[in-house]
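Taking numbering that gives the first Met the number 0, the leading residue of the first sequence gets 0, the next gets one more, and so forth. C-beta atoms are modelled at their ideal positions from N, C-alpha and C, and glycine is treated no differently.
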Amino acid sequence: MKLFNSLGRRLQELEPLEPGHIRLYTCGPTVYDRVHIGNLRTFMFEDVLRRTLQFHGYRVTQAMNLTDVEDKIIAAALKAKVDIETFTAPHVGSFFEDLATLRIERVEHYPRATEHVAEMVAMIERLQATGHAYRADDSVFFRIAADQDYGKLSGIDLDQVRRGQRVQSDEYGKEDARDFVLWKGAKEGEPRWPSPWGPGRPGWHIECSAMSQKYLGKTFDIHCGGVDNLFPHHENEIAQSESANCCPQARYWLHSEHLTVDGEKMSKSLGNCYTLGDLLDRGLSARSIRYLLLSVHYRQQLDFTFDKLAEADRALKRVDDMRFRLAHGVEKDNDPARLEQAAGDFETAFAAALADDLNTAAALGALFTFVHEVNGLIDHGLPAGGRTRVEACLGRADEVLAVLDAAAWAESTEAGGGLSDAEIDALVAARSEARASRDFAAADRIREQLSEAGVVVEDARDGSRWKRS
RNA sequence: GGCGACGUGGCCAAGUGGUAAGGCGAGGGUCUGCAAAACCCUUAUUCGCCGGUUCGAAUCCGGCCGUCGCCUCCA
C-alpha cells in the first residue's frame, strides 16, 4: 500500500513499525462550535484511511484528540458564564452525532486535552531540561533556535517568513519572535491547572504531542490532518515530540486538501460555512454527502456545490437500481465465467485503487464498470449463485465506502408515502390485471397513484416490480 | 516576498512516459401498450498556452497565462 508522505513529499510504501498493526493519530475538532463540512471532509478522509487499512488486513489503533481548552472556548464560556466543560459538552455531542450520520467509524481513543494536562506538563519539563524550552514571565516557550530540524515537514524557512500583524500579548517575553508557546500563565478568570510555572493552561500544539505519545507511543505510524495543520501545528508537534524524545514522532504524515464552497473557501463572512445540520435541513441526504466526499481524491481540493450533491444522488441511484434488478434477476444455468471475470476484475481494481494512496475516485470507477457488467449479465440471465456473488463483492467494497447499502441509510430519510407494502402489492396486482385486460388508462391511473406515494413500478418480462424512490 | 497545489469532453473526475477510466448530462437506437430500468451507438485525434527531451508525453524539463491554498493556533 502506497501513501503520499508530506514529510519528504513523495509516495511511499507503507511499512508498519509492528507487522500487521497500524498506529494512527488524527487531529480532531476544537469543540467550540458545530463542525462544518470542511472539517468533516478531513474526518471522512481519515475514515477512508482507517477502513482501507482494515480492508487490507491491518489492525488499527487510532487516537483522535478533542481540543476542549483553547482561546475561543475560554472566551465563549466566559461570555456564557459557564465553565468550559459545560460549554464544550454539547459540541462534543454534536460532533459524535455528525460522525455517526456520515457513517464515520468510531476510533479507539478520543483523548481530551483537559484530561491530559499532567502528560503535557511532563513533556514541557523534559523540553526545559534539554534546553528546548524556556520560561518567560508566567509562560513557557519552545526555543526554535535549539531545534536544528525545525521546518523539515513544511519546508518553511522562518527567516523568510513575512511578518504578519498577528502579534499577541502572549508573545511578550519571547527570546525570538518565531518561538511558540507551550504553557500559558493564567489570566484573571481563565481556567487553570497547576504547574511548576504556576497556574495556567497548555498551548495548542503540546496536547497532540503528549496524547499521541500516551496512546500510540513515542514513534507511531501515521499522523493525519488537514493541510492547514501542516504549518504551524504539525511542524510544532514534531519539534516538541522529537526534541523531547529524540526519535521520530510519526513515520508518515498525511494531509487532506481543503473543501471549498462554490469555488471559495468557507468563511463565516461569506455565509458559506455549512454544517452537516444545515445541509440535512435543506433536505439533502447524508448518504449523497458521503458519496460526494468519496468521489474526489483527498489531496485534491473539492469544490462543494448542491449540483454535485444532486449528481451524487443520481450516481447512487444507478447502484441502487442495479441491486434492485439483481434482487429480481433470474438465475439460469449459464456459464459463470463472465461473472467470475467481472467480479475478479472489480475486486482487483478496487483494492489496487485504494492501495494507491486511497484513490477513491478510481475505486468508484471500478465499481461502476462492475455495475455495468452486472447489468448486462442480468439482461442475459445470471449464472447459478450469481446474486450472492455480486452482493458479496458489493458488501466487501462497502466495508470501505459505507455508502452502497441504501437500506442502511433509509431510516434517516424514510419518506413513507403512507402506503404499506401490502397495500402497494395490492395496487400493483390491480394494475397488472388492468394491463392484462388492456385497460391502460386504469393501469396508468394506478401507476400515477403509486408515483405520488413515492413508489415506482417497473414492468419486466416476468412481471411488474416496485420500489420506493 | 516565501512555500506549495492545481488547470483533462457540456459539468464533475481518474490517469503521472506507451497512445484518454468512471459518474452526471445530451443525441440516436433496442426493449415497452406507454413508461421506468437496462443494453447498444454517438458525444476529447485530445489533456491551459509555447518551446524542449524522447522512437513515443496529458504524463518529464523550461517559460508564460490562469485558479487556489498556506506563511504562527483555520480541517
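By the three-class DSSP mapping on this structure, what secondary structure does residue i have?
i	result
Lys186	coil
Trp465	strand
Met0	coil
Thr155	Checking the sequence, you will find Ile at residue 155 rather than Thr. Three-state DSSP puts Ile155 in coil, outside helix and strand.
Glu476	One cannot answer for residue 476 here, as it falls past the ends of the chain, which runs 0 to 468.
Leu65	strand
Asp137	coil
Asp420	helix
Gln164	Since pLDDT at Gln164 reaches only 39, below the 50 mark, its modelled position is unreliable, and the value read off the structure follows with that caveat. If DSSP states are grouped into helix, strand and coil, Gln164 belongs with coil.
Thr387	helix
Arg430	helix
Ala459	strand
Ala132	strand
Lys331	strand
Glu14	coil
Val116	helix
Leu181	strand
Output needed for residue i: all residues of its chain with C-beta closer than 6 Å, excluding positions within five of it in sequence on either side, in chain order.
i	result
Met63	Thr25, Gly27, Val106, Tyr109
Ser411	No answer about Ser411 holds up, because its pLDDT of 46 lies below 50 and its placement is not dependable.
Ser153	Leu229, Phe230, Glu234
Ala383	Glu330
Leu315	Tyr290
Leu393	Leu403
Pro335	Pro382
Leu13	Met0, Leu2
Ala112	Thr66, Asp67, Val68, Glu206
Asn333	Gly380, Pro382
Leu376	Leu338
Cys223	Thr25, Glu45, Leu253
Ala361	Ala352
Can you tell which of the options has the C-alpha that lies nearest to the C-alpha of residue i?
i	options	result
Ile72	Arg33, Ile123, Cys392, Asp420	Arg33
Asp397	Gln53, Leu6, Arg40, Val30	Gln53
Thr66	Asp46, His379, Glu114, Glu174	Glu114
Glu124	Ser211, Ser194, Leu101, Asp70	Ser194
Arg317	Leu283, Leu279, Ile288, Val373	Val373
Leu275	Ser266, Ala285, Lys267	Ala285
Asp70	Val180, Leu23, Val455, Leu48	Val180
Gly216	Leu16, Gln147, Glu12, Ser468	Leu16
Tyr57	Cys246, Gly19, Ala452, Asp319	Gly19
Ala425	Lys173, Ala440, Leu363, Trp465	Trp465
Ser240	Glu206, Gly224, His327	Glu206
Gly130	His55, Phe141, Asp137	Phe141
Tyr149	Ala336, Asp46, Glu236, Glu390	Glu236
Ile83	Pro190, Asn38, Arg111, Arg134	Pro190
Met122	Ile143, Trp182, Asp277, Ala135	Trp182
Thr100	His379, Glu346, Ile36	Ile36
Gly184	Val120, Glu422, Ile221, Glu451	Val120
Asp306	Leu283, Ala406, Tyr251, Glu256	Leu283
Ser242	Gly225, Ala145, Ala441, Arg467	Ala145
Ala405	Thr368, Asp320, His379, Ala441	Asp320
Leu478	Met265, Ser211, His232, Ile221	Missing from the structure shown is residue 478; the chain here goes from 0 to 468 and no further.
Gly380	Leu325, Thr29, Val30	Leu325
Arg8	Phe323, Arg250, Ala421	Arg250
Phe454	Ser468, Ala441, Ile445, Asp461	Here the sequence assigns Val to residue 454, which means Phe is not the residue at that position. That would be Ser468, whose Cα lies nearest to the Cα of Val454.
What residues in its chain sit with their C-beta under 8 Å from that of residue i, if we drop five residues either side in the sequence?
i	result
Asn358	His296, Ala352
Ala311	Ser287, Ile288, Tyr290, Leu291, Ser294
Pro198	Gly184, Ala185, Arg191, Trp192
Met43	Leu101, Ile103, Arg289, Leu292, Leu293
Asp443	none
Asp302	Leu258, Thr259, Val260, Asp261, Gly262
Closer than 7 Å by C-beta to residue i: which residues in its own chain qualify, once you throw out the five before and the five after it? Chain order, please.
i	result
Glu263	Leu269, Asn271
Val59	Ile21, Leu23, Arg49, Leu52, Gln53
Val427	Val456, Ser463, Trp465
Ala76	Asp82, Ile83, Phe86
Asp178	Phe140, Phe141, Arg142, Ile143
Entirely enclosed alpha helix (DSSP H) segments - the region 258-304, minimum 4 residues: 275-280, 285-293
Runs of alpha helix (DSSP H) wholly within the region 194-223 (minimum 4 residues, chain order): 203-215
4 or more residues per run - each alpha helix (DSSP H) lying fully within the region 337-385: Complete alpha helix (DSSP H) runs here, min 4: 359-379.
Ranges of the alpha helix (DSSP H) found wholly within the region 227-255, counting only runs of at least 4: Taking 4 residues as the shortest admissible run, the region 227-255 contains the following complete alpha helix (DSSP H) segments, listed from N- to C-terminal end: 234-244.
Segment contact flag, the region 379-394 with the region 75-94, C-beta cutoff 8 Å, min 3 pairs: Touching, no.
Any 3 or more C-beta pairs closer than 8 Å across the region 332-347 and the region 366-381: Contact between the region 332-347 and the region 366-381 is present, because at least three Cβ pairs lie under 8 Å.
Entirely enclosed alpha helix (DSSP H) segments - the region 70-101, minimum 4 residues: 70-79, 83-100
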